[in-house]
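> Protein chains in written order, with this note's numbering: chain V, 1 to 166; chain U, 1001 to 1110.
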Amino acid sequence: MDHLFFFLFGFIAVVCAINVVLQKHPISSALSLIGVMGSIAVLYLQLGAPFIAMAQIIVYAGAVMVLFIFVIMLLNAGSEEQRGRSWTAQLLGIPALLAFLGLVAYYLQRWFSDAGVVKFDNFQGGTAQAVGYALFTDYLLPFEVTSVLILVAILGAIVLARKELD
Amino acid sequence: MAQLLEVFNSGVPITWYLLLSAVLFALGVAGFVMRRNIITVFMCIELMLNAVNLSFVAFANQHRQVSGHIFTFFVMVVAAAEAAVGLAIILTVFKNRETLNIDEIDSLKN
């Protein structure tokens, strides 16, 4: 059952990620990215992180992607024109990517071969209660600093995007 | 057959999650380098952040600690702030230069 879940949603995530990279039109890339985020949220549930899964859906798939799609519509972004690439990049790109992934897989198997397995309900520490407790005790200072960061980001976005007053 | 059933009933190894995270990250890097639309490049950055979040949560499961979830939470918050500021910058660039192609946005070159 765990394998079925992992392969199903891992496969959806990888296919959607490939679609993000290959689609010509930004709106198709954005919709594929929502698919990646949704399937990763399901994998978070399997890893025992219900709070993070919900935050992923609400913050990423909800707020951030709506912002992206809003900007794409606002700028009326069309599909990008294809441009000739250098033949070395065309020749070496995919093999270099595969070689990198093969190296990563090899070292993951070597270093984390005894890292254990993931099952439903084998880790109960990721509930909203546990995350909230850690957030407001051990990580209180970073949490408060984050609120300042968000305030600065809001002000920066307003200043950057406002209409110039003559 | 019984062996196969045993493998199927035991859980998914942590390494597979890490490998999935690496694959998603590599795809994000590839898109970041290949694409020419500034909005799509920005979306590939979000894809890379998501891949890193997945490995954080996988490690949290391995070590039975909630710290990984906290890190993921902070990455999400910073990504939201980054998206707001970045998209405002894209809006301003488009207003001034009328293009989204990153090859044509080169006023800092030379």
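Virtual Cβ for every residue (Gly too), placed ideally from N, Cα, C. The model shown is predicted, which means the values in this text are computed figures rather than measured ones.
Under three-state DSSP, which class holds V131(V)?
Note: V131(V) maps to helix in three-state DSSP.
> Rounded C-beta distance between A49(V) and G132(V)? I'm assuming under 8 angstroms.
That belief does not hold up - the Cβ atoms of A49(V) and G132(V) are roughly 13 angstroms apart, past 8 angstroms.
> What does DSSP give as the partner residues of N1101(U) in its beta bridges?
N1037(U)
> Relative to the C-alpha of V1023(U), which candidate in G78(V), W111(V), F143(V), I94(V) has its C-alpha closest?
The option with the nearest alpha carbon to V1023(U) is I94(V).
> Any beta carbon from chain U within less than 9 angstroms of P95(V)'s own beta carbon?
no
> Buried or exposed for L91(V), going by 16 or more other Cβ atoms inside 10 Å?
exposed
> Should the stretch 1029 to 1041 of chain U be called in touch with the stretch 1009 to 1021 of chain U, which here means at least 3 C-beta pairs below 8 angstroms?
no
> Answer yes or no: does any C-beta atom of chain V fall closer than 9 angstroms to that of S1107(U)?
no
> Tell me whether Y60(V) is buried or exposed, calling it buried when 16 or more other Cβ atoms sit within 10 Å of its Cβ.
buried
> Check the C-beta distance from G1086(U) over to V20(V) and give it rounded, since I have them as a contact under 8 angstroms.
Incorrect: roughly 17 angstroms between the Cβ atoms, too far for contact.
> Could you check which residue in L101(V), F70(V), I154(V), A105(V) has the C-alpha nearest to that of A1014(U)?
It is worth fixing the name first, because residue 1014(U) is Ile in this sequence and not Ala. When each option's Cα is compared against that of I1014(U), the closest is A105(V).
> Taking the straight line between their C-alpha atoms, what separation do you get for L75(V) and G10(V)?
33 angstroms
> Smallest Cα separation from V64(V): which of A53(V), I34(V), S79(V)?
I34(V)
> Have a look at T88(V) and I27(V) and give me their C-alpha separation to the nearest angstrom.
30 angstroms
> Looking at V36(V): is its Cβ nearer than 9 angstroms to the Cβ of N1050(U)?
yes
> So if DSSP puts P142(V) in a beta bridge, which residue, or which two residues, is it bridged to?
DSSP lists no partner for P142(V).
> Which same chain residues, not among the five before or five after R1035(U), have their C-beta less than 7 angstroms away from its C-beta?
V1041, C1044
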